[in-house]
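Numbering (the working numbering), first residue to last: 4 to 187.
For glycine and all other residues, C-beta sits at the position ideal for the given N, C-alpha and C.
None of the values given here were measured: they were computed from a predicted structure.
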Amino acid sequence: MASANQTREAAGKGRSRENNRRRVSSGERLNAHSEPGKLRTALARRGVRLTRQRRVLLDIMDQAEQHLTADSILERAQKIDPRVHRVTVYRTLEMLKSHGLLDELDLLHIHGHRHYYESHGPRDHIHVACLGCGKVREVESDLFEQLKRQVERDTGIGITVARVEIGGYCDDCRMKPPGQHAAS
Numbered sequence: 004m005a006s007a008n009q010t011r012e013a014a015g016k017g018r019s020r021e022n023n024r025r026r027v028s029s030g031e032r033l034n035a036h037s038e039p040g041k042l043r044t045a046l047a048r049r050g051v052r053l054t055r056q057r058r059v060l061l062d063i064m065d066q067a068e069q070h071l072t073a074d075s076i077l078e079r080a081q082k083i084d085p086r087v088h089r090v091t092v093y094r095t096l097e098m099l100k101s102h103g104l105l106d107e108l109d110l111l112h113i114h115g116h117r118h119y120y121e122s123h124g125p126r127d128h129i130h131v132a133c134l135g136c137g138k139v140r141e142v143e144s145d146l147f148e149q150l151k152r153q154v155e156r157d158t159g160i161g162i163t164v165a166r167v168e169i170g171g172y173c174d175d176c177r178m179k180p181p182g183q184h185a186a187s
């Protein structure tokens, strides 16, 4: 018969294996800093000309720890190179989307009609947003990967991108009295 220590160790190993297959952010992007220069490399392979301003924008998006709006990308870029213009930001975002390197998200419109941008990571993930405070968490899961494979089998369509957004209320917001939720 297994001792209590052996049972706890076995349970801990099971949880470790489970955690390797599932990651949850605490508000930051899961894949921030995973591959520095990933966008530059992908575009260079496609033969896309990279101007100085475009390289600045790509670096900002590659290093983003949060989902960025076009305005926040412009603001960060102008701190590095004041010559970066709004039109350059929008053209670069469109070009990245057309190459399948960037996702445009509305995040359940918790912050109005703003759109947010993030570069693709190694795995698709789910965005879970608190409808009260607006905090967004990202979740990767083997179960989500299984669901995508099932959808492919059921529809005969090879999935190349999946975006899922789920809304609800975080622990802190559920504790607040009704009417005191304030997503900004």
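- A distance below 7 Å between beta-carbons, with the five flanking residues on each side excluded, links Q56 to the following residues of its chain, in chain order: D84, R86, V87, T91.
- Residue environment for T163: exposed (fewer than 16 other C-beta atoms within 10 angstroms of its C-beta).
- Following the DSSP letters along the chain, one finds R52 in no alpha helix (DSSP H), marked with neither H nor E.
- Within its own chain, the residues whose Cβ lies closer than 6 Å to the Cβ of T95, once the five positions on either side in sequence are excluded, are R57, L60, listed in chain order.
- A straight-line Cα-Cα distance of about 16 Å links R43 and D106.
- Beta-bridge partners assigned by DSSP to R140: V131.
- By the Cβ rule, the region 141-159 counts as touching the region 119-132, because three or more pairs are nearer than 8 Å.
- A direct Cα-to-Cα measurement between Q66 and K100 gives close to 17 Å.
- By the 16-neighbour rule on beta-carbons within 10 angstroms, I169 is exposed.
- By alpha-carbon distance to C136, the top candidate from R166, A73, V167, L111 is L111.
- In the structure shown, the three-state DSSP call for I113 is coil.
- Collapsing the DSSP output to three states places V167 in a strand.
- Annotation: L71 to A80 spans about 12 Å, alpha carbon to alpha carbon.
- For E68, there is no enclosing beta strand (DSSP E), as DSSP marks it with neither H nor E.
- According to DSSP, residue pairing for S122 in a beta bridge involves L105.
- Burial check for M178: the Cβ neighbour count within 10 Å stays below 16, so the residue is exposed.
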